[in-house]
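K.L.:
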Amino acid sequence: MSTVTSKILATINAPYSAGVSAWELAQCISSLDAMKKAYGPTFSFFTEVEAEAQHAFVEEMHLDANAVKAVAQHLATKVPFPIALAA
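Under the UniProt record's numbering, the first residue of the sequence shown is numbered 1, with each subsequent residue one higher.
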């Protein structure tokens, strides 16, 4: 596991005591259905993790950028501030 992934997991799991793995997070940020199962950590990924780290994680996990963008765009409708990967 890379340093970036370790930092991301620490960021998204701490507030929720969720214990979401890198694989689970990858599923949640690239699927609207999966996102609903871990909404808090998914929301945290898109709003609390720096955009550079988000991009690195998406690349490291070999995720479909369009699928990630769809989830980010969905979450962007819920907040009054921009979400980097929704653009």
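For glycine and all other residues, C-beta sits at the position ideal for the given N, C-alpha and C.
What are the boundary residues of the alpha helix (DSSP H) that Lys69 is part of?
P.N.:
In the sequence shown, the residue the question calls residue 69 occupies position 69. First-last of the alpha helix (DSSP H) with Lys69: 65 to 76.
K.L.:
Measure the Cβ-Cβ separation of Ile29 and Thr47 and say whether it is below 7 Å.
P.N.:
Residue 29 sits at position 29 when you count from the first residue of the sequence shown. Residue 47 sits at position 47 when you count from the first residue of the sequence shown. No; because the gap between Cβ atoms is not below 7 Å, this pair is not in contact.
K.L.:
Helix, strand or coil for Glu24? Go by DSSP, reduced to three states.
P.N.:
Locating residue 24 in the sequence shown gives position 24, where the first residue counts as 1. Glu24: helix per DSSP, three-state reduction.
K.L.:
Are the Cβ atoms of Gln73 and Ala53 separated by less than 7 Å?
P.N.:
To locate residue 73, count along the sequence shown from 1; it is residue 73. To locate residue 53, count along the sequence shown from 1; it is residue 53. For Gln73 and Ala53, no; Cβs fall outside 7 Å.
K.L.:
Would you say the stretch 58 to 77 touches the stretch 14 to 32, given that touching needs at least three Cβ pairs under 8 Å?
P.N.:
yes
K.L.:
What do you get for Val20, buried or exposed, if any count of 16 or more other CB atoms within 10 angstroms of its CB means buried?
P.N.:
Position 20 of the sequence shown holds residue 20. Classification for Val20: buried.
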